[in-house]
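In what follows, a structure is listed as structure tokens, so that the remarks can point back to it.
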Amino acid sequence: MNHAPSQVGAPAGTFTQLLSSTRRGARLARLLAVTELRSRGASQDLTERAELVVAELAANAVLHGRVPGRCFRLTLALDPATGHLRIDVSDARGDLLPRPTDPAPDPLSTGGRGLTLVAALADHWDCVPYPPTGKTVRAVLTTPAGA
């Protein structure tokens, strides 16, 4: 499989890929993230948590951040020395920002738990502008000490 070329100025250990804003693109983001992390020797725990976080953020980008004709971007930045992984998912809808997670979501609701899952799996997540009109939802995961 061909990997996207590194961006100019991107730190070593960074993987970036544009993906179609479709369900297939979201699935591919998850599969690419797992393949990339395994190829870099990331721990199984970190890879499994990242798989779930990427799946949720990519699904949100497709569902809530889709603009016809525009892709979303997946970026993984792994620092093996510190065990830190930064996951960025950027989409074209900067006008629709994620809401803070609700600690007690409605048990009868069929949605609204995705970012609660991200918050449980990641050490930190936030949303930053992605110029000119988009946003990037960023999650940081750390390998547990001794892993």
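The opening residue of the sequence shown carries number 1338 in my numbering; numbering runs sequentially from there. For each residue, glycine too, the CB sits at the ideal point set by N, CA and C. Given the structure is predicted, the values throughout are model-derived calculations rather than measurements.
Check, Outcome
"Contact between the stretch 1400-1412 and the stretch 1375-1389 (3+ Cβ pairs under 8 Å)", "no"
"Simplified DSSP state of L1394, which is helix, strand or coil", "helix"
"For P1481, the nearest candidate out of S1357, A1418, G1451 (CA to CA)", "A1418"
"Check whether N1397 and V1465 have beta carbons under 9 Å apart", "no"
"Residues near A1392 in its chain [Cβ-Cβ closer than 6 Å; skip 5 each side]", "R1367"
"Rounded C-alpha distance that separates A1395 from G1378", "23 Å"
"Residues sharing a beta bridge with L1369, DSSP", "Answer is none; L1369 lacks a bridge partner."
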